[in-house]
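Some notes on the structure that comes next.
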Amino acid sequence: MNQAVATRGALFWLMQRVTGLFLAAFLFTHVKVLHWDFNFTQASSGFLDFSFVISRLHGSIGWVIFYFLFIISALYHGLNGLWAIVLDFRPSRGIQTTWLAALWAAGILTSLWGLYTLRSFYFGGGGPA
Amino acid sequence: MNIFKAFQGTAEEVRLNPNVGTFAWFLHRITGILLLLYLFTHLWVLSSANAGASAFDQRLQMVQTPIFHFLEIGLILTVFYHMCNGLTITIMDFFGLSRRHKALVTVTVAVFAVLAIVAFGIMLPRALHHPAQEALHAVS
Numbered sequence: 083m084n085q086a087v088a089t090r091g092a093l094f095w096l097m098q099r100v101t102g103l104f105l106a107a108f109l110f111t112h113v114k115v116l117h118w119d120f121n122f123t124q125a126s127s128g129f130l131d132f133s134f135v136i137s138r139l140h141g142s143i144g145w146v147i148f149y150f151l152f153i154i155s156a157l158y159h160g161l162n163g164l165w166a167i168v169l170d171f172r173p174s175r176g177i178q179t180t181w182l183a184a185l186w187a188a189g190i191l192t193s194l195w196g197l198y199t200l201r202s203f204y205f206g207g208g209g210p211a
Numbered sequence: 065m066n067i068f069k070a071f072q073g074t075a076e077e078v079r080l081n082p083n084v085g086t087f088a089w090f091l092h093r094i095t096g097i098l099l100l101l102y103l104f105t106h107l108w109v110l111s112s113a114n115a116g117a118s119a120f121d122q123r124l125q126m127v128q129t130p131i132f133h134f135l136e137i138g139l140i141l142t143v144f145y146h147m148c149n150g151l152t153i154t155i156m157d158f159f160g161l162s163r164r165h166k167a168l169v170t171v172t173v174a175v176f177a178v179l180a181i182v183a184f185g186i187m188l189p190r191a192l193h194h195p196a197q198e199a200l201h202a203v204s
């Protein structure tokens, strides 16, 4: 293995640890603001719905940044974890390349999809009101 | 890549190395895959907001039934296991404690057990008595 590949592997390993720690913090915050606060202050109003989510996210660029970082951290951590599992199967070089391309594509497309959804919350809902 | 060979390999690994670390590693992978699948499902549910508020409410109501509230307990236990074991791996890596992994797995399981009991205590009553579901039944 050449030095560049070894360094890249170490970077991915470190990123997996760092995103994991981020995810723990993000998750507790997310559960607090969108689930705990609903269940224990407003549950009697009925189902968790759009108006409740909007009361947190509408027009708040801070929450949009928070959730976008959450989404890309989760995707990186999950897809990189899956990549580690793929490598354990000792696939051929060609199959490795195919997997890598598919994982990157899934990660990028889903990030954009997440960002598009966040935009809907930021602006108070897409489509007909 | 032969999936059967992989399972055979995993079974062989467990047979040759049947200590707690092997089971912790295996569970970490299984819970990781489940959480990745959940992430995509969660984003799919939330993306209904792109079609408007009523589409979002409709889809969100679909996943606020008693069965889904029970599944949520399973989800939180999956998250807690993956989180506890992940933190243990990080601590082992950063502080060079891999020689003490058996003791650390015991601590992980103990912390997970406490979190699981707390989660059950909070979530089970809600799964059994969801206020909105009960209101819906009262109307119908």
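Sequences listed follow chains A and B, in order. Every position in the first sequence, counted from 1, becomes a number in my numbering once 82 is added. Every position in the second sequence, counted from 1, becomes a number in my numbering once 64 is added. Note that beta-carbon positions come from the ideal geometry of N, C-alpha and C, so glycine has one too. Note that the structure is predicted; figures quoted are calculated from it, not measured.
Less than 8 Å between CB atoms is the rule here; does residue i satisfy it with respect to chain B?
{"i": "A:ALA211", "result": "With a pLDDT of 44 at A:ALA211, under the threshold of 50, the modelled position of this residue cannot be trusted; read the value that follows with caution. A:ALA211 counts as touching chain B."}
{"i": "A:THR167", "result": "For clarity, residue 167 of chain A is Ile in the given sequence; the question names Thr instead. Answer yes: the Cβ-Cβ gap between A:ILE167 and chain B drops below 8 Å somewhere."}
{"i": "A:GLY141", "result": "no"}
{"i": "A:ALA92", "result": "no"}
{"i": "A:ASP119", "result": "no"}
Tell me, please, whether the CB atom of residue i is closer than 8 Å to any CB atom in chain A?
{"i": "B:PHE120", "result": "yes"}
{"i": "B:ALA180", "result": "no"}
{"i": "B:GLY150", "result": "yes"}
{"i": "B:SER162", "result": "no"}
{"i": "B:LEU192", "result": "no"}
{"i": "B:VAL143", "result": "yes"}
Using only alpha-carbon positions, find the residue among the options that is nearest to residue i.
{"i": "B:ALA180", "options": "B:PHE132, B:PHE144 and B:HIS165", "result": "B:PHE144"}
{"i": "B:GLN122", "options": "B:LEU110, B:PHE176 and B:ILE94", "result": "B:LEU110"}
{"i": "B:ALA174", "options": "B:PHE158, B:PRO189 and B:THR152", "result": "B:THR152"}
{"i": "A:THR199", "options": "B:TRP108, B:LEU80, B:ASN81 and B:ALA75", "result": "B:TRP108"}
{"i": "A:GLY206", "options": "A:GLY144, A:PHE134 and A:TRP186", "result": "A:PHE134"}
{"i": "A:LEU130", "options": "B:HIS133, B:THR105 and B:ILE137", "result": "B:HIS133"}
{"i": "A:PHE94", "options": "A:HIS112, A:LEU164 and A:ILE143", "result": "A:LEU164"}
{"i": "B:SER162", "options": "B:LEU80, B:THR74 and B:VAL84", "result": "B:VAL84"}
Can you give me the C-alpha to C-alpha distance between residue i and residue j, rounded to a whole angstrom?
{"i": "B:SER112", "j": "B:LEU168", "result": "42 Å"}
{"i": "B:ILE155", "j": "B:ALA115", "result": "44 Å"}
{"i": "A:HIS140", "j": "B:ILE140", "result": "27 Å"}
{"i": "A:GLY216", "j": "B:LEU192", "result": "Any answer about residue 216 of chain A is impossible in this case: the structure gives chain A only from 83 up to 211."}
{"i": "B:PHE90", "j": "A:VAL115", "result": "32 Å"}
{"i": "A:THR89", "j": "B:VAL127", "result": "44 Å"}
{"i": "B:GLY96", "j": "A:ASP119", "result": "27 Å"}
{"i": "A:ILE153", "j": "A:SER137", "result": "20 Å"}
{"i": "B:VAL98", "j": "B:ILE137", "result": "In the sequence on display, residue 98 of chain B carries Leu and not Val. Looking at the two C-alpha atoms, the distance is approximately 14 Å."}
{"i": "B:GLY160", "j": "A:ARG175", "result": "32 Å"}
With contact counted as at least three CB pairs below 8 Å, one residue from each stretch, are the stretch 151 to 169 of chain A and the stretch 185 to 200 of chain A in contact? yes
Does the pairing of the stretch 145 to 155 of chain A with the stretch 106 to 122 of chain A give three or more beta-carbon distances under 8 Å? yes
With three or more beta-carbon pairs closer than 8 Å as the criterion, would you say the stretch 173 to 185 of chain A touches the stretch 126 to 143 of chain A? no
4-residue-minimum alpha helix (DSSP H) runs that sit fully inside the stretch 112 to 197 of chain A, ordered along the chain: 132 to 139 and 143 to 170
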